[in-house]
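In this note's numbering, the protein residues as written are 56 to 306.
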């Protein structure tokens with residue numbers, strides 16, 4: 056039970072699709088010699104049941120509370136499951152590798168992720184019609200938003216707060232820059248800064264799950280993606296009201 060639960064949990068916590076969780080756990084269960092392996096996964100938990108060789112049945116529920124994006128860990132679980140299916144790993148060896156994978160640090164550190172978000176935002180600003188100064192502003196705004204988001208994560212702030220605040224800062228800071236640097240194209244900078252915050256992976260998983268007939272997970276991922284997008288838009292609108300309240304009709 057332990058390696059099966061842990062494999063599904065790692066995939067779910069790091070941005071994997073629910074159908075991937077179900078298929079991986081089921082294949083590993085049969086490779087371990089279990090019978091009647093049944094798995095039902097939703098974004099918040101995994102239900103697992105199987106029949107042992109002696110005819111007894113075991114059932115367990117694995118709650119998934121943490122969510123993030125680390126597709127490298129998803130790929131590593133896939134590699135472990137393939138080794139199990141080929142008979143190269145026993146259940147205790149698979150459990151040991153999964154536990155080491157669960158404890159392993161992030162492949163990319165916080166500063167690397169901050170730099171990646173800043174570079175992508177600056178690039179999006181250029182793609183939206185901005186120039187070098189707009190790219191620089193987008194770079195700085197996205198780096199600032201990512202840094203503040205990391206500070207909030209230390210206080211266990213919910214994703215709802217982070218999304219709203221990210222939309223707020225991504226709009227307010229470029230507007231404030233325009234006050235001192237009128238040549239900045241606010242629309243392009245705001246658009247570039249918001250792009251890394253959009254829930255693209257959640258919406259992709261929602262479409263994939265729905266197409267595969269897993270409507271519960273599809274709706275859950277879809278609602279999450281829409282909620283995050285609405286919060287980003289709400290934060291952006293709130294920043295616009297605050298700016299115009301402070302500076303009137305500057306923009």
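For every residue, glycine included, the Cβ atom is placed at its ideal position computed from N, Cα and C.
Whole-angstrom distance between residue j and residue i, CA atom to CA atom
i	j	result
residue 119	residue 57	14 Å
residue 236	residue 188	10 Å
residue 298	residue 177	23 Å
residue 122	residue 190	30 Å
residue 61	residue 287	33 Å
residue 250	residue 179	8 Å
residue 197	residue 283	17 Å
residue 146	residue 252	39 Å
residue 209	residue 110	47 Å
residue 83	residue 141	10 Å
residue 173	residue 159	26 Å
residue 266	residue 278	16 Å
residue 269	residue 138	27 Å
residue 185	residue 202	24 Å
residue 77	residue 148	21 Å
residue 183	residue 256	22 Å
residue 116	residue 200	37 Å
residue 241	residue 181	12 Å
residue 247	residue 134	36 Å
Burial state of residue i (16 or more Cβ within 10 Å)
i	result
residue 276	buried
residue 91	exposed
residue 192	buried
residue 128	buried
residue 81	buried
residue 75	buried
residue 285	exposed
residue 161	exposed
residue 143	exposed
residue 225	buried
residue 245	buried
residue 59	buried
residue 87	buried
residue 67	buried
residue 227	buried
residue 194	buried
Same chain only: Cβ atoms within 6 Å of residue i, ignoring 5 sequence neighbours per side
i	result
residue 93	104
residue 258	280
residue 106	90, 91, 112
residue 165	205
residue 290	219, 222, 223
residue 232	192, 239
residue 175	251
residue 243	180, 183, 184, 185, 189
According to DSSP, residues forming a beta bridge with residue i
i	result
residue 95	102
residue 116	102
residue 90	106
Proximity of residue i and residue j at Cβ, strictly below 8 Å
i	j	result
residue 254	residue 239	no
residue 156	residue 131	yes
residue 96	residue 272	yes
residue 69	residue 124	yes
residue 71	residue 101	no
residue 153	residue 65	yes
Neighbourhood of residue i by C-beta distance below 7 Å, restricted to the same chain and skipping five residues each side
i	result
residue 216	207
residue 136	62, 79, 82, 83
residue 274	none
residue 85	92
residue 322	Because the chain here runs from 56 to 306, residue 322 falls outside it and cannot be looked at.
Same chain, Cβ closer than 8 Å to residue i, neighbours up to 5 away in sequence not counted
i	result
residue 163	171
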